[in-house]
Amino acid sequence: MNVPRYWRTEQTRYGLIGEVCRACGKPIFPPRDVCPHCTEEGQDVHPFRGKGQVYSFSTIYDAPTGYTEYQPYTVALIKLDEGPLVTAQLTDVDNDQVHVGMPVEMVTRKIKEEGENGLIVYGYKFRPVLDTRPDRF
Amino acid sequence: MREVSIIGIGQTQVGELWERSLRDLAVDAIKAALKDAHLEWVEALYVGNMLSGECVAQQHLGALIADWSGLGNIEAVRVEAADASGAAALRMGYLAVASGVHDYVLVCGVEKMTDVDVETANAAWSSALDAEYEAFQGVTMPALAGLLMRRYMHEFGVQREDFAPFAVTAHANGANNPYAMFRSPISADAYAKAGMVVDPISMFDAAPLCDGAAAVVLCPSERTRDSSNRPVRIRASAVATDRLAVHSRREPLFLQAAYLSAQKAYLQAGVGPEDVNLFELHDAFTILAALSLEACGFADRGQAVHLAKEGGIARNGRIPISTMGGLKARGHPIGATGIYQIVELVMQLRGKAGANQIDCRLGMAQGLGGSGATAITHILEASS
Numbered sequence: 585m586n587v588p589r590y591w592r593t594e595q596t597r598y599g600l601i602g603e604v605c606r607a608c609g610k611p612i613f614p615p616r617d618v619c620p621h622c623t624e625e626g627q628d629v630h631p632f633r634g635k636g637q638v639y640s641f642s643t644i645y646d647a648p649t650g651y652t653e654y655q656p657y658t659v660a661l662i663k664l665d666e667g668p669l670v671t672a673q674l675t676d677v678d679n680d681q682v683h684v685g686m687p688v689e690m691v692t693r694k695i696k697e698e699g700e701n702g703l704i705v706y707g708y709k710f711r712p713v714l715d716t717r718p719d720r721f
Numbered sequence: 114m115r116e117v118s119i120i121g122i123g124q125t126q127v128g129e130l131w132e133r134s135l136r137d138l139a140v141d142a143i144k145a146a147l148k149d150a151h152l153e154w155v156e157a158l159y160v161g162n163m164l165s166g167e168c169v170a171q172q173h174l175g176a177l178i179a180d181w182s183g184l185g186n187i188e189a190v191r192v193e194a195a196d197a198s199g200a201a202a203l204r205m206g207y208l209a210v211a212s213g214v215h216d217y218v219l220v221c222g223v224e225k226m227t228d229v230d231v232e233t234a235n236a237a238w239s240s241a242l243d244a245e246y247e248a249f250q251g252v253t254m255p256a257l258a259g260l261l262m263r264r265y266m267h268e269f270g271v272q273r274e275d276f277a278p279f280a281v282t283a284h285a286n287g288a289n290n291p292y293a294m295f296r297s298p299i300s301a302d303a304y305a306k307a308g309m310v311v312d313p314i315s316m317f318d319a320a321p322l323c324d325g326a327a328a329v330v331l332c333p334s335e336r337t338r339d340s341s342n343r344p345v346r347i348r349a350s351a352v353a354t355d356r357l358a359v360h361s362r363r364e365p366l367f368l369q370a371a372y373l374s375a376q377k378a379y380l381q382a383g384v385g386p387e388d389v390n391l392f393e394l395h396d397a398f399t400i401l402a403a404l405s406l407e408a409c410g411f412a413d414r415g416q417a418v419h420l421a422k423e424g425g426i427a428r429n430g431r432i433p434i435s436t437m438g439g440l441k442a443r444g445h446p447i448g449a450t451g452i453y454q455i456v457e458l459v460m461q462l463r464g465k466a467g468a469n470q471i472d473c474r475l476g477m478a479q480g481l482g483g484s485g486a487t488a489i490t491h492i493l494e495a496s497s
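Just so you know, the sequences run in chain order U and D. Each residue of the first sequence is one higher than the one before, starting from 585 at the first, in the working numbering. Each residue of the second sequence is one higher than the one before, starting from 114 at the first, in the working numbering.
Below is the structure:
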């Protein structure tokens, strides 16, 4: 029975909701009770915009239990525009097209199915920023 | 605080040891260490282990191993700090003797990874990461190392092939270690052609997960005259931690915990990196070997791969590493690794390292937990 474990982090995982420290003003993701920068305890909720760049990436051919059906997949450290790094899978991209500095944006995707009841767990992944220039059409 | 010395060492073969159980391996190593120390009994046992619950459904290792080793009703507990569990157990044993609480103490590191399939072992090992924000995304220990290696290549302008000397050196040394899992040298060409596990980490960048146990016996240095073996003094023992998740660190490519624990150890021993004759570092991945050398002051930032390329890490180099094969070739039985490093240092400092013997008086070992959130550094000195 893993539902509470995922339910607790729903906002963070579905909406990329983090915090801003009331004392030092730094953005915090994932949210936590004690600021990792200044150790003060007061934070305000802060929805991150979900835009950033690939800081580093790595393609997994040898996945752990629960993820083998998706391999190979690429995971990355994403440098959010607001500052924090986020660890996340990349999606909607060819693994060999990824490069450091690639602009990406957050989307909600299925992460895995878990347990005997097949609990489906969703969360954030990042995809290359879609080209929305009008002259594309 | 009293001075502490190591008066006995024991180790099992490292590998896929299907015919032996976790408890069998621990008992083998403990019996060998007691014999080496000319002792039959100790006052306390500290067991370093990370994954006995996940991989063999057995917890409560302190009592179990004391029982099956015939040590009776002594004080015994398990110590866990991910891959640094063995080093953490040594730290506990050191504190027990240094403080005067105990005189004779056993420290055993043991791990049994091959009772489960590879996917389960990989998932279990990755429980050292942030479960909710790293492992949840399907990220594994090797993948985190891959993220660090890719960024290192990007920032310092090096290629994957530049990491070859770490693997080549480890395998060259492992070839002469009868306890090592891999005893075949590899070439830089073989490294270049190796299959990818977690791009850019190939099978030759990653240490094998396997089985093994190692043990050491500690006592106050003033009592070492009772032992006929050359005692080895623990000159420093230091621990530091960093933020658990790589994404939370100030500078992902700088192992802050490794730096801090090394600095504390240097201060305690009254030495600097220039005084250290060999360094058994945590080369679970070639990138971690490079980052450890830089964090501990043996190379400037971005320079460790060049130090390796110039032969600086070989047995006749400026700072020999992985002298008995390291995690890469000896093997990485997770919670046992920290004690294997100490056993190998003692062999070197006693002058009993066989074909791999180097001229040494002062040796350093460092265990890293997970991707470097725990770093435990010990400095050992040969008796004069």
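Note that the Cβ used here is the ideal one computed from N, Cα and C, for glycine as well. Here the structure is a predicted model, which means the values were calculated and not measured.
Are the Cβ atoms of residue i and residue j separated by less than 9 angstroms?
i, j, result
"Lys441 (chain D)", "Ala320 (chain D)", "yes"
"Thr125 (chain D)", "Ala150 (chain D)", "no"
"Thr487 (chain D)", "Thr354 (chain D)", "yes"
"Arg136 (chain D)", "Ile178 (chain D)", "yes"
"Ala241 (chain D)", "Gly430 (chain D)", "no"
"Ala283 (chain D)", "Ser435 (chain D)", "yes"
"Met294 (chain D)", "Gly438 (chain D)", "yes"
"Glu335 (chain D)", "Arg115 (chain D)", "yes"
"His630 (chain U)", "Val604 (chain U)", "yes"
"Gly161 (chain D)", "Ala194 (chain D)", "yes"
"Gly707 (chain U)", "Tyr639 (chain U)", "no"
"Gly602 (chain U)", "Phe641 (chain U)", "no"
"Leu158 (chain D)", "Val218 (chain D)", "yes"
"Ala234 (chain D)", "Thr227 (chain D)", "yes"
In chain order, what residues of the same chain have a beta carbon less than 7 angstroms from the beta carbon of residue i, not counting five sequence neighbours either side?
i, result
"Leu458 (chain D)", "Glu393, Gly476, Ala478 and Leu493"
"Ser315 (chain D)", "Ala307, Gly308 and Met309"
"Gly636 (chain U)", "Ile662, Lys663, Leu664, Asp665 and Val688"
"Ala402 (chain D)", "Phe279, Leu394, Asp396 and Ile434"
I'd like to confirm the pairing. Which residues does DSSP put opposite residue i in its beta bridges?
i, result
"Asp141 (chain D)", "Bridge partners of Asp141 (chain D): none, in fact."
"Ser350 (chain D)", "D:His491"
"Lys306 (chain D)", "None; Lys306 (chain D) has no bridge partner."
"Ile254 (chain D)", "For the record, residue 254 (chain D) in the displayed sequence is Met; it is not Ile. BP columns for Met254 (chain D) are empty, so no partner."
"Phe398 (chain D)", "D:Ala319"
"Ala157 (chain D)", "D:Glu188 and D:Val218"
"Tyr708 (chain U)", "U:Thr692"
On the criterion of 16 or more Cβ atoms from any shown chain inside 10 Å, does residue i qualify as buried, or is it exposed?
i, result
"Ile612 (chain U)", "buried"
"Met686 (chain U)", "buried"
"Ile119 (chain D)", "buried"
"Thr623 (chain U)", "exposed"
"Arg363 (chain D)", "exposed"
"Trp238 (chain D)", "buried"
"Val701 (chain U)", "As written in the sequence, residue 701 (chain U) is Asn, which differs from the Val given in the question. Exposed, since its Cβ has fewer than 16 Cβ neighbours within 10 Å."
"Asp413 (chain D)", "exposed"
"Ala244 (chain D)", "exposed"
"Arg606 (chain U)", "exposed"
Might you give, ordered along the chain, the residues of its own chain that have their beta carbon closer than 6 angstroms to the beta carbon of residue i, omitting 5 neighbours on each side?
i, result
"Ser361 (chain D)", "none"
"Arg693 (chain U)", "Thr675 and Lys709"
"Leu368 (chain D)", "Leu404, Ala408 and Gly485"
"Pro255 (chain D)", "Val310, Val311, Ile314 and Ala319"
"Leu138 (chain D)", "Thr125, Val223 and Ala326"
"Gly448 (chain D)", "Gly161, Asn162, Met163, Ser198, Gly199, Gly222 and Glu224"
"Leu261 (chain D)", "Ile400"
"Glu697 (chain U)", "Ile704"
Using a Cβ-Cβ cut-off of 8 angstroms (strictly less than) and excluding sequence neighbours within five positions of residue i, which residues of its own chain qualify?
i, result
"Ser144 (chain D)", "Looking at the sequence provided, one finds Lys at residue 144 (chain D) rather than Ser. Excluding sequence neighbours, Lys144 (chain D) sits near Gly123 and Ser182."
"Phe721 (chain U)", "Residue placement at Phe721 (chain U) cannot be trusted, given a pLDDT of 49 that sits under 50; the coordinates are not used to answer."
"Gln655 (chain U)", "Ile644, Tyr645, Asp646 and Ala647"
"Gln381 (chain D)", "Arg348, Ala349, Ser350, Ala351 and Ile492"
Rounding to the nearest angstrom, what Cα-Cα distance links residue i and residue j in this structure?
i, j, result
"Tyr651 (chain U)", "Lys709 (chain U)", "14 angstroms"
"Lys306 (chain D)", "Glu167 (chain D)", "34 angstroms"
"Val677 (chain U)", "Leu703 (chain U)", "26 angstroms"
"Thr337 (chain D)", "His215 (chain D)", "14 angstroms"
"Lys377 (chain D)", "Gly213 (chain D)", "22 angstroms"
"Val330 (chain D)", "Pro433 (chain D)", "25 angstroms"
"Leu152 (chain D)", "Gln673 (chain U)", "54 angstroms"
"Thr230 (chain D)", "Thr490 (chain D)", "Checking the displayed sequence, the identity of residue 230 (chain D) turns out to be Asp instead of Thr. Going by the C-alpha atoms only, they are around 32 angstroms apart."
"Leu481 (chain D)", "Gly410 (chain D)", "16 angstroms"
"Ala146 (chain D)", "Gly128 (chain D)", "20 angstroms"
"Gly121 (chain D)", "Leu406 (chain D)", "29 angstroms"
"Ala468 (chain D)", "Ala375 (chain D)", "29 angstroms"
"Asn679 (chain U)", "Ala285 (chain D)", "34 angstroms"
"Glu247 (chain D)", "Ala358 (chain D)", "7 angstroms"
"Asp472 (chain D)", "Arg133 (chain D)", "36 angstroms"
"Gly464 (chain D)", "Val682 (chain U)", "50 angstroms"
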